[in-house]
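Asker: Quick note on this note's numbering: the sequence shown kicks off at 5 and runs consecutively. Okay, handing you the structure first.
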Amino acid sequence: ARQLDLAILFDSQAGRRWSVMPLLEEKLFLIESRQPTSVTAAKPPKRMSVAQLGDLPLILPTGSHGLRSTLEGAFARAKCKPNVVAEIDSLAMLMDAVDNGLGCTVQPWAAVGRYADAAQRFKLTEISDTLARRATALCSLSDDELSPAGLAARVVLADCAREAVLSGRWVGARLVS
5 ARQLDLAILF DSQAGRRWSV MPLLEEKLFL IESRQPTSVT AAKPPKRMSV AQLGDLPLIL
65 PTGSHGLRST LEGAFARAKC KPNVVAEIDS LAMLMDAVDN GLGCTVQPWA AVGRYADAAQ
125 RFKLTEISDT LARRATALCS LSDDELSPAG LAARVVLADC AREAVLSGRW VGARLVS
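Structure (structure tokens):
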């Protein structure tokens, strides 16, 4: 018995029975608290390379997380190791730790999108490495297995994502074909 017909996945690998529609690619940002205990300069640069992150205390998801594998690849290409001070998979808990000044994180802008006062709470610095991006795909059962409601939901989800990117509400994201 199947348990899932449709999902938005990050860095997904297509299964035999899955239809995978690439949706978008998100830039990554160094995110840190604006509290006085902040670890970088009071006025952060607009952009940083992955190599420049090596000494910063990072709070990252665990190794099994898709974003973590993307970051590990970026650090390997930059020939440096991240200074991971904590591993937290829950985005809410991870962002609370960053907000409280326990370290920085590397995430897409969407990680701070839920905060109405994000600009007052966090400093964001774009990661300049072109391969340090998060891929997002809309995955579903194959068309012949997906119900009419599932097919309709897939179209609506793709349209919502497209509209959010084109309107500028999904900061740092670009559509892929």
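We put the CB at the ideal spot given by N, CA and C, even for glycine. Note that the structure is a prediction, hence the values are computed from the model and not measured.
By Cβ distance, which residues of its chain are closer than 8 Å to S181, with the 5 residues on each side in sequence left out?
Answerer: P26
Asker: Measuring straight from C-alpha to C-alpha, what distance separates N87 and P61?
Answerer: 5 Å
Asker: Determine the DSSP secondary structure at T66, reduced to helix, strand or coil.
Answerer: Collapsing the DSSP output to three states places T66 in coil.
Asker: Touch check for the segment 139-157 and the segment 88-102: three-plus C-beta pairs under 8 Å?
Answerer: Counting Cβ pairs under 8 Å, fewer than three are found: no touch.
Asker: Could you tell me how far apart the beta carbons of P112 and L32 are, in whole angstroms, since I believe they sit closer than 8 Å?
Answerer: At roughly 6 Å, the Cβ-Cβ gap stays under 8 Å, so P112 and L32 are in contact.
Asker: Near E55, which residues of its chain fall below 7 Å by C-beta distance, leaving aside the five closest residues on each side in sequence?
Answerer: The question names Glu, but residue 55 in the sequence shown is Ala. Counting only Cβ-Cβ distances below 7 Å, and skipping sequence neighbours, we find A82, C84.
Asker: Let me know the alpha helix (DSSP H) ranges lying completely inside the segment 54-129, each 4 residues or longer, listed in chain order.
Answerer: 70-81, 95-103, 122-125
Asker: To the nearest angstrom, how far is it from the Cα of F14 to the Cα of A115?
Answerer: F14 and A115 have their C-alpha atoms some 14 Å from each other.
Asker: Please say whether A165 and L28 have beta carbons closer to each other than 8 Å?
Answerer: yes
Asker: How is R21 classed by DSSP in three states: helix, strand or coil?
Answerer: Assigned with DSSP and collapsed to three states, R21 falls in coil, not helix or strand.
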